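Going by this note's numbering, the first residue of the sequence shown is number 5, and it counts up by one from there.
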Amino acid sequence: MPLSLPHAFVKRHAWIALTGLALGPQAVADEPTQVVASFSVLADMVRNVGGDRVEVTSLVGPDSDPHVYSPRPTDARALAEADLVVLNGLQFEGWMTRLLDASGYQGKTVVATDGVPLLAYGGQSLHRQDEEGDEHDGHDHDSHEEHDGHEEHRGHGDHDSHEDHEDHDGHDDHDSHDHGEYDPHAWLDLSAGLIYVANIRDGLIAVDPDNSEHYASRADSYMEDIQAAHDQVLALLDDLPEHAQVIVGHDAFGHFSRAYGIDFLSPVGLSTEAEPSAADIARMVDVIRERQIPALFVENMSSPALMEQLSEETGVPIAGSLYNGALSEEGMTSHYLGMILHNAEVLHQGLVDAEGHDDSHDGHDHDH
Numbered sequence: 005m006p007l008s009l010p011h012a013f014v015k016r017h018a019w020i021a022l023t024g025l026a027l028g029p030q031a032v033a034d035e036p037t038q039v040v041a042s043f044s045v046l047a048d049m050v051r052n053v054g055g056d057r058v059e060v061t062s063l064v065g066p067d068s069d070p071h072v073y074s075p076r077p078t079d080a081r082a083l084a085e086a087d088l089v090v091l092n093g094l095q096f097e098g099w100m101t102r103l104l105d106a107s108g109y110q111g112k113t114v115v116a117t118d119g120v121p122l123l124a125y126g127g128q129s130l131h132r133q134d135e136e137g138d139e140h141d142g143h144d145h146d147s148h149e150e151h152d153g154h155e156e157h158r159g160h161g162d163h164d165s166h167e168d169h170e171d172h173d174g175h176d177d178h179d180s181h182d183h184g185e186y187d188p189h190a191w192l193d194l195s196a197g198l199i200y201v202a203n204i205r206d207g208l209i210a211v212d213p214d215n216s217e218h219y220a221s222r223a224d225s226y227m228e229d230i231q232a233a234h235d236q237v238l239a240l241l242d243d244l245p246e247h248a249q250v251i252v253g254h255d256a257f258g259h260f261s262r263a264y265g266i267d268f269l270s271p272v273g274l275s276t277e278a279e280p281s282a283a284d285i286a287r288m289v290d291v292i293r294e295r296q297i298p299a300l301f302v303e304n305m306s307s308p309a310l311m312e313q314l315s316e317e318t319g320v321p322i323a324g325s326l327y328n329g330a331l332s333e334e335g336m337t338s339h340y341l342g343m344i345l346h347n348a349e350v351l352h353q354g355l356v357d358a359e360g361h362d363d364s365h366d367g368h369d370h371d372h
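#1: Just curious, the beta strand (DSSP E) that Q249 is in, first and last residue?
#2: Just to confirm the assignment, what range does the beta strand (DSSP E) spanning F268 have?
#3: Count the other CB atoms, across all protein chains shown, that sit within 10 Å of the CB of R76; report buried if there are 16 or more and exposed otherwise.
#4: Using the C-alpha atoms, what's the distance from D48 back to V39?
#5: Could you pull out every residue in the same chain whose Cβ sits closer than 8 Å to the Cβ of I230, ignoring the five residues on either side in sequence?
#6: Give the secondary structure of V40 by DSSP, where H, G and I count as helix, E and B as strand, and everything else as coil.
#7: Just reading off the beta strand (DSSP E) that E59 is part of, what are its end residues?
#8: Less than 7 Å between C-beta atoms, sequence neighbours within five positions excluded: which residues of the same chain meet that for W19?
#9: Let me make sure I understand the geometry here. Which of A309, S261, R205 has the alpha-carbon closest to that of K112?
#10: Start and end of the beta strand (DSSP E) containing I322?
#11: What three-state label does DSSP hand F301 in the structure shown?
#12: Residues in its own chain within less than 8 Å of Q353 by CB, not counting five upstream and five downstream?
#13: Helix, strand or coil: how does DSSP classify L121 here?
#14: Taking the continuous beta strand (DSSP E) assigned at L91, which residues delimit it?
#15: Mapping DSSP to helix, strand and coil, what is Y186?
#16: According to DSSP, what are the bridge partners of T113?
#17: By how many angstroms is the C-alpha of H259 removed from the C-alpha of D267?
#18: Straight-line CA distance for H254 to V302?
#19: Quick one: measure Cβ to Cβ for T37 and R57, integer angstroms, because I've assumed they're closer than 8 Å.
#20: Quick check on the DSSP output: the alpha helix (DSSP H) that includes D290 runs from which residue to which?
#21: Give the single residue among S306, I297, A286 whose Cα lies nearest to the Cα of V320.
#22: Count the other CB atoms within 10 Å of the CB of Q110; is the residue buried (16 or more) or exposed (fewer)?
#23: Whole-angstrom Cβ separation of L46 and A116, contact assumed at under 8 Å?
#24: What three-state label does DSSP hand F260 in the structure shown?
#25: With DSSP run on the structure shown, which of helix, strand or coil describes H307?
#26: Please report how far the alpha carbon of L104 lies from the alpha carbon of I292, in whole angstroms.
#27: Nearest to M311 by CA position, among H346, A330, S270, is which residue?
#28: Is it the case that the Cβ atoms of S62 and A41 are separated by a distance below 9 Å?
#29: Among H71, G119, T78, I209, which one has its Cα closest to the Cα of L88?
#30: Nearest to V120 by alpha carbon, out of D79, D187, R102, E97?
#31: Hey, out of I251, F257, L91, whose CA is closest to S44's CA?
#32: Drop a sphere of 10 angstroms on the beta-carbon of E380, count the other beta-carbons inside from all chains shown, and report buried for 16 or more, exposed for fewer.
#33: In angstroms, rounded to a whole number, what distance separates the CA positions of D284 and D34?
#34: Can you give the beta carbon distance from S315 to L300, rounded, assuming they're within the 8 Å contact cut?
#35: Please tell me whether, using a cut-off of 8 Å, the distance from the CB of D67 to the nearest non-hydrogen atom of the ligand GDP is below it.
#36: To the nearest angstrom, how far is the alpha carbon of L240 from that of V252?
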């Protein structure tokens, strides 16, 4: 199913691109536009839109966790010299407020999630489910009926848009990693990725109108790549078992779940710093056995210790590593679209290949 930008977003942003293009050919600046992105996923998007007309600095590098990042003095210097700053918003980079203040940056800031359909953090962590009295039996999430075999890319008309909220200027009043009421990991839904790219394009055109045609053309091409990746993800996930559920280290895959119809459960919430209690782990072991969860997944920027413990106690294998908040240094997952496709491939391998796995998961017939 073709992806599309929400109508309200298109209407609000169309004039930006048109204004930039209407300026016509002008002298191209010798120096590339200096862009600071808050973390590696955004930096990759900026490079794809900007090409050789931008020089990008990523504050949080590959395989590093944006939730717990501690800014360095060099970061403030990079911001002071930037022409454009790109951040995620939705309180994802709580450390950014003090950093922007310290740098004295007064330029344009792109909040990449502006216009993204918001996903309230209902939470798929067991702790949050217990707090809400959820007697979840593995089949009461309607996402799979709504997704209808993963052919419907849903969730983009039933939720408030980020642009309807006035508290998203990027300067969060939250320190460190205290997420707000909305799940900030929107880039994991490729339709949201289209909005990210449009926002980045418009930001680059605003600060560098001489190269507006260059940015608009590259953004269009990149959006076509995003559509192609979306089609690949749908094809990979189409034959997953119905009501597929997996266990991950923290609750960061809500947008992916809404888009592609897989339930992600975790023993903790959104923060990678949260530590599950012994009771949380015991409850997760029970859930794995009762729901016959076929696979566990580690995350590239988190310790595998918890998943290893759960695998040891239940006999359920660790099927692979998923990426969410950080790209890798090299290889397929060093790029945004490669990261999403990698996740889809790993989920397909772990869930489809695991269909014949021993359903008992009693943890006593496996050697570790």
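No residue lacks a Cβ here, since even glycine has one placed at the ideal position from N, Cα and C.
Just so you know, these numbers come straight off a predicted model, no measurement behind them.
Looking at the coordinates:
#1: 249-251
#2: 267-269
#3: exposed
#4: 11 Å
#5: L7, L194, G197, L198, V201, L341
#6: strand
#7: 58-64
#8: In this predicted model, W19 has a pLDDT of only 47, less than 50, meaning its place in the structure is not dependable enough to derive any value.
#9: R205
#10: 322-326
#11: strand
#12: A323, G324
#13: In the sequence as presented, Leu is not what sits at residue 121; that position holds Pro. Looking at P121 - three-state DSSP - the assignment turns out to be strand.
#14: 88-91
#15: strand
#16: V89
#17: 11 Å
#18: 10 Å
#19: 6 Å
#20: 282-294
#21: I297
#22: exposed
#23: 6 Å
#24: helix
#25: Note that residue 307 corresponds to Ser in the displayed sequence, not to His. DSSP places S307 in coil when its eight states are reduced to three.
#26: 44 Å
#27: S270
#28: yes
#29: I209
#30: D187
#31: L91
#32: Nothing can be reported for residue 380: it is not among the residues displayed for the chain, which extend from 5 to 372.
#33: 57 Å
#34: 6 Å
#35: As far as ligands go, the structure on display features none, and thus does not contain the ligand GDP.
#36: 19 Å
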